[in-house]
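Residue numbers 14 to 222, in this note's numbering, belong to the letters of the sequence shown in order.
Using N, Cα and C, we set each Cβ at its ideal position, and we do this for glycine too.
See below for the structure under consideration.
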Amino acid sequence: LNLETNTLDTEVISLANGVEQIVAKDNKLYVSHKGAFSTNNIISVIDTTNGNNVETITVKDNPDELFFSPDGTLVVLSEGNPTFNSSFEITSRTTSAISFIDISNNTVTREINFPVNENSELMSLEANSIFYYSGTKVFEISVNATNLADRADGVEVGSIFGMNVKDTNLYTVSASFLEFSSLTVFDIPTKTPTFSTAVGVGASKIYFN
């Protein structure tokens with residue numbers, strides 16, 4: 014989209030199924046492919062200085078959240094691909110993982126796998142810490158970690174649909190689709206809520222300007 018003319022450019026970049034999120038760095042776009050109503054396991058890398066050439070990086074199933082750590086490593090959260098029974102209950106899931114990618118050669122240099130049938134669907138980065146949501150808690154690990162946090166740790170947040178972190182505050186929105194969602198702020202050091210207010214139905218992404 015040309016923001017000066019408010020018109021769409023004629024060129025279209027064709028990508029694999031399931032585009033989810035996009036981040037940019039050094040004239041390249043990094044795209045997670047969650048799979049839409051199927052599944053996928055790639056990150057597309059679009060070189061905007063080389064004719065929008067597309068390369069792909071293989072990660073675990075259903076990658077979604079992706080961010081750059083302070084040292085320039087691309088950090089990707091893959092949710093894993095669930096299997097459902099006739100009642101639409103999840104009976105199993107492929108491996109969920111946090112992958113660390115060296116963008117100089119587009120290779121996965123480190124991967125932290127979740128236990129069998131456990132996963133995370135939300136992740137945020139703040140300074141040198143990774144925050145991820147699993148079960149009903151948000152956990153914190155270093156960007157240099159090789160293991161997940163202890164299950165006894167973490168901030169109890171209940172059922173949430175979105176989150177972000179700024180300084181020592183954790184911002185979450187409840188998973189609510191029939192009434193207003195709740196935005197709740199937690200103080201991370203004390204693991205206690207400090208503020209809450211109603212926001213829109215089905216609230217998800219939280220950004221800071």
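C-beta atoms of residue i and residue j nearer than 9 angstroms
i: F174; j: S133; result: no
i: N66; j: I56; result: no
i: T52; j: G31; result: yes
i: S142; j: E124; result: no
i: N119; j: T108; result: no
i: I201; j: V121; result: no
i: E33; j: V25; result: no
i: P76; j: E102; result: no
Beta-carbon contacts of residue i that lie in its chain and below 8 angstroms, excluding the five residues immediately before and after
i: V214; result: S189, F190, L191, E192, F193, S194
i: M176; result: L135, S137, F144, Y146, V151, V170, L183, Y184, T185, V186, I219
i: A29; result: H46, N53, I55, S57, T69
Classification of residue i by the beta-carbon crowding that lies within 10 angstroms, buried from 16 upward
i: A110; result: buried
i: S99; result: exposed
i: S27; result: exposed
i: S209; result: exposed
i: I35; result: exposed
i: F97; result: exposed
Extent of the continuous beta strand (DSSP E) to which residue i belongs
i: G175; result: 173 to 179
i: L90; result: 87 to 91
i: T52; result: First-last for T52: undefined, no H or E at that position.
i: T72; result: As written in the sequence, residue 72 is Val, which differs from the Thr given in the question. Premise fails: V72 is in no beta strand (DSSP E) and is neither H nor E.
i: R164; result: Here R164 belongs to no beta strand (DSSP E), and DSSP marks it neither H nor E.
i: G213; result: 205 to 214
i: T95; result: The residue asked about is misnamed: residue 95 is Pro in this sequence, not Thr. Its beta strand (DSSP E) spans residues 95 to 97.
i: E153; result: 150 to 155
i: Y184; result: 182 to 187
i: F193; result: 193 to 200
i: E134; result: E134 -> no beta strand (DSSP E), and no H or E assigned at all.
Cβ neighbours of residue i in the same chain (closer than 7 angstroms, five flanking residues each side left out)
i: N15; result: D22
i: K179; result: E139, F221
6 angstroms Cβ shell around residue i - same chain, five flanking residues per side excluded
i: T86; result: F113
Any non-hydrogen atom of the ligand ADP closer than 8 angstroms to residue i Cβ
i: I56; result: Annotation note on the ligand ADP: not contained in the displayed structure, which lists no ligands.
9 angstroms Cβ cutoff, residue i in contact with chain D
i: E78; result: The structure shown contains no chain D; it holds only a single protein chain.
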